[in-house]
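So the structure is just underneath, and the comments pick up after that.
Numbering (the numbering used here), first residue to last: 1115 to 1461.
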């Protein structure tokens, strides 16, 4: 491709086992530009454990992926969709794919396992950052921050004279529903939400979890119950065969007309066509979407022109501290794998 390539070499880390130290392992970051878009990241934790190659673009084409993989033992990816036919053609040298993030629905885990390739992820690197974004969305909606700013920027001054046209409300006593909210991010959101006076209800599949759930939180196995009760609905589950299009016309009909949907998980969990219809016909009041399907959305997506939608370009994980933590944790995943004790394995 047209990407810029830079290589950094080093000896294996001293803590690696003797059998690993006899070989200089080769690690390639297939799309470092997705992580290092501001050129502020320090990749030395990775360079300390292996010979490191970085490709500085963000979205390599399938043919580029196959070319970049050649001669490498370990791949680092950030939200690259690797087609199964490309994965099937990976050389036998590839033993580990480390997804630099939490979601791994972009990988064919079954096929990788069949080829003897381990896939691991980073489950908790962005917990606080994403939780803070969820709360930011809630606070932004409660004080109608976006439309107020737009009015002033458009030269309108009516709100200064009492002609207040946008919903503006306190959060105390309102209900926040967290779909799949018993994990790390959901727990972090819960802590802040309770401090703001919100009631919290969590829906989870299967048996009710009890360990680690705040005693003031209601836990239900009924998504319908959560949707009917919640003023804000925030999605915190992975995207998989059970959750794709989980938020659809049928489930949106269960929500309060005043409800706001928040998605910082994965875009495919919401059927966006159904969401647009629900927003246009008043089935729900609004949506805050840090993730879309696809990303970026099509240029003609109606979401761009909807006043009751807040769109952000998947920024939940992008704070510099969060991304640097990610690099450190990726290096720990690789070190553990080289020592024969892989962690965070998803296949």
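Glycine included, C-beta positions come from ideal geometry on N, C-alpha and C.
Beta-bridge partners of residue 1141, as assigned by DSSP | Looking at the DSSP assignment, residue 1141 forms a beta bridge with 1166, 1188.
Please check the pair residue 1201 and residue 1171, which I expect to be a contact at CB under 8 Å, by giving their CB distance rounded to whole angstroms.
-> Wrong, their Cβ atoms sit about 20 Å apart, outside the cutoff.
For residue 1317 and residue 1299, believed in contact at Cβ under 8 Å, the rounded distance = Actually they do not touch by this definition, with Cβ atoms about 15 Å apart.
Buried versus exposed, by CB contacts within 10 Å (16 or more), residue 1165 = By the Cβ-count criterion, residue 1165 is buried, with 16 or more other Cβ atoms from all chains shown falling within 10 Å of its own Cβ.
Specify, as a first and last residue, the run of the alpha helix (DSSP H) that residue 1436 falls within.
-> 1434 to 1452
Hey, out of 1426, 1391, 1144, whose CA is closest to residue 1416's CA?
-> 1391
Residue 1313 bridges to which residues according to DSSP?
-> DSSP lists 1289 as partners of residue 1313.
Less than 9 Å separating the beta-carbons of residue 1363 and residue 1377?
-> no
Leaving out five residues before and five after residue 1469 in sequence, what residues of the same chain have Cβ atoms less than 6 Å from its Cβ?
-> Outside the displayed range of the chain (1115 to 1461) lies residue 1469, so it cannot be described from this structure.
Same chain only: Cβ atoms within 7 Å of residue 1279, ignoring 5 sequence neighbours per side | For residue 1279, where only same-chain residues beyond five positions count, there are no Cβ hits under 7 Å.
If you run the structure through DSSP and keep just helix, strand and coil, what is residue 1136?
-> With a pLDDT of 47 at residue 1136, under the threshold of 50, the modelled position of this residue cannot be trusted; read the value that follows with caution. DSSP places residue 1136 in coil when its eight states are reduced to three.
My understanding is that residue 1383 touches residue 1349, with C-beta atoms under 8 Å, so please give their C-beta distance in whole angstroms.
-> 6 Å
Sheet register partners of residue 1348 (DSSP bridge) = 1292, 1376
Coarse secondary structure for residue 1250, derived from DSSP in three states = Helix, per DSSP.
Under a three-way DSSP split, which group does residue 1183 fall into?
-> helix
What does residue 1425 pair with, by DSSP beta-bridge criteria?
-> 1403
Span of the alpha helix (DSSP H) around residue 1389 = 1386 to 1395 is the span of the alpha helix (DSSP H), which, as asked, contains residue 1389.
Quick one: Cα of residue 1460 to Cα of residue 1217, how far?
-> Answer to the nearest angstrom: the Cα atoms are 10 Å apart.
Go ahead and label residue 1272 buried or exposed: buried means 16 or more other beta carbons lie within 10 angstroms of its beta carbon, across all protein chains shown.
-> Burial is judged here by how many other beta carbons sit within 10 angstroms of a residue's own beta carbon; residue 1272 has fewer than 16 and is exposed.
State buried or exposed for residue 1457, treating a residue as buried only when at least 16 other CB atoms are found within 10 Å of its CB.
-> exposed
Would you list the one or two residues that DSSP bridges to residue 1332?
-> Answer by DSSP bridge pairing, in chain order: 1315.
Given a threshold of 16 other Cβ atoms within 10 Å of its Cβ, counted over all protein chains shown, does residue 1282 qualify as buried or as exposed?
-> Exposed, because fewer than 16 other Cβ atoms sit within 10 Å of the Cβ of residue 1282.
Looking only at DSSP bridge pairs, what is residue 1212 linked to?
-> For residue 1212, which the question treats as bridged, DSSP gives the partners 1190, 1234.
Cβ neighbour criterion (16 or more within 10 Å) applied to residue 1119 = Low confidence applies to residue 1119: its pLDDT is 40, below 50, so where it sits in the model is not reliable, and the reading given next is rough at best. Residue 1119 comes out exposed.
Please confirm whether residue 1160 and residue 1183 have their CB atoms less than 9 Å apart.
-> no
With residue 1228 as the anchor, note down where its alpha helix (DSSP H) starts and where it stops.
-> 1223 to 1228
Sort out for me which residues DSSP pairs residue 1459 with in a bridge.
-> 1234
Whole-number beta carbon distance between residue 1155 and residue 1188, since they are thought to touch under 8 Å | Rounded, the Cβ-Cβ distance is 18 Å, inconsistent with contact.
Keeping to the same chain, check which residues put their C-beta closer than 7 Å to that of residue 1443; ignore five residues upstream and five downstream.
-> 1236, 1239
So what does DSSP say about residue 1299, is it helix, strand or coil?
-> Residue 1299 sits in a helix when the DSSP states are folded into three classes.
One or two residues paired with residue 1361 in a DSSP bridge = 1384
Measure the alpha-carbon distance for residue 1405 versus residue 1244 and round it to whole angstroms.
-> 12 Å
If you draw a straight line from the alpha carbon of residue 1297 to that of residue 1446, how long is it in whole angstroms?
-> 22 Å
Grouping DSSP H, G and I as helix and E and B as strand, with all else coil, what is residue 1173?
-> Note: residue 1173 maps to coil in three-state DSSP.
Based on Cα-Cα distance, which residue from 1241, 1354, 1345 lies nearest to residue 1219?
-> When only C-alpha atoms are compared, the closest one is 1354.
Among 1336, 1403, 1163, 1398, which residue has its Cα nearest to the Cα of residue 1254?
-> 1403
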